[in-house]
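To start, the structure itself, in structure tokens.
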Amino acid sequence: MIASIILIIAGFAALIYGANWLVDGASSLAKKYKVSDLTIGLTIVAFGTSAPELVVNSVASIQGYSDIILGNVIGSNNFNLFIILGIAGLIYPIKVQSSTAWREIPISLVAAIIVFLLGNSLFIKAVPEISRIDGLILILAFVLFLFYVFKQMKKEENKEITYVEKSNAKIWLLIISGFSGLILGGQLVVNNSIEIATDLGVSKKIIGLTIIAAGTSLPELVTSVVAAMKKNSDIAIGNVIGSNIFNLLLILSLSSFIKPISFNINFNTDIAILTGGTVFLLLAMYTGKKKKLDRWEAAVLLIFYLAYTMYLVMNEL
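Last residue of the sequence shown: 341 (the working numbering), numbering continuous.
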């Protein structure tokens, strides 16, 4: 058990460092070939923040652990929304732009509803699953979201990002090390999480919703907390909402392409909580100080999800 816990921590470290190295190397390579900052931001950096979830889910999908896949995505989204925004909002009240309140938050809400409908096979399938056809629907929705983001960014001033020139050897070392760290970390996290679930006699669903979800959300946690401490609300909330949309539309779709995901209907409760939390966040923008998540609202998010997680764990033990 102790060895498995140590290996999971090592796996999370490998995932985070691997993602950072990959982004650093790929960004430098793109800059060397005159790729625009906009393209780098929309592709390489966005992929880097979602890389831990993507790699863990790919490993779980290959091994057929559907509950790990769904637990990681839905659990990460709930962790982002309730825990990360809760902590960031307590540090400094989060004020958001009009576009975030009116567009990005509703887009994340719609994405959760689409996953609910597809997973429960409320259209044509008899068996609850996210099939490859469902994955195609999700990836098309993701492409539409990227198109929207591209249009939004074109409206804003395109600030040049300064990159330190790196040699080709260092660039490829970073890229190869990044991919290696991601692959090794993903294997360590999934395999040792299964070991712990077996030893404790708890379901893979709970492991996915708690340990794996929290671990793969560590990059978002650090980013949003640092942003809140610097009073940069746009990054604090944009990081969370963007990550949630990426997880639901991109990560789930790619996982389903590897192998159709058997949908455990017990996840409906967690999707309902995600949906309810997103509605609460949307309403928070229009109560009290307009377009601001106040400290008391952040506290409600944080306390509610901590209590729910404790309830889940106590029910399993």
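Each residue gets a CB set at the ideal place from its N, CA and C atoms; glycine is no exception. None of these values were measured; they are calculated from a predicted model.
| Item | Value |
| --- | --- |
| Reduced DSSP secondary structure (H/G/I, E/B, other) of Lys-316 | strand |
| Reduced DSSP category for Lys-228 - H, G, I as helix; E, B as strand; rest coil | helix |
| C-alpha gap between Leu-11 and Asp-48, whole angstroms | Nothing in the structure corresponds to residue 11, since the chain is present only between 25 and 341. |
| Cβ neighbour criterion (16 or more within 10 Å) applied to Ala-43 | buried |
| C-beta atoms of Ile-32 and Asn-271 nearer than 8 angstroms | no |
| Whether Phe-328 touches Glu-153 by CB criterion (8 angstroms) | no |
| Inter-stretch contact (C-beta, 8 angstroms, three-pair minimum) for the region 104-120 and the region 299-306 | yes |
| Endpoints, the alpha helix (DSSP H) within which Leu-126 is located | In the sequence on display, residue 126 carries Trp and not Leu. No alpha helix (DSSP H) contains Trp-126, which DSSP labels as neither H nor E. |
| N- and C-terminal bounds of the alpha helix (DSSP H) containing Met-253 | 242-253 |
| For Ile-185, the three-state DSSP class (helix, strand or coil) | Note that Ile-185 scores a pLDDT of 49, beneath 50, so its modelled location is shaky and nothing firm can be said. |
| DSSP bridge partner residues for Glu-153 (one or two, in chain order) | Ser-286 |
| Sequence-distant residues of its chain with Cβ nearer than 7 angstroms to Ile-131 (five each side left out) | Phe-169 and Ile-269 |
| Selected residue, minimal CA-CA separation from Ala-136, among Lys-316, Phe-291 and Tyr-332 | Phe-291 |
| Distance CB(Ser-85)-CB(Ile-93) smaller than 8 angstroms | yes |
| Cutoff 6 angstroms; reference Gly-110; Cβ partners in own chain excluding five residues on either side | Ala-322, Leu-325 and Leu-326 |
| CB of Gly-159 within 8 angstroms of CB of Ser-74, strictly | no |
| Cβ neighbour criterion (16 or more within 10 Å) applied to Leu-46 | buried |
| Contact under 8 angstroms by Cβ, Leu-317 with Ala-308 | yes |
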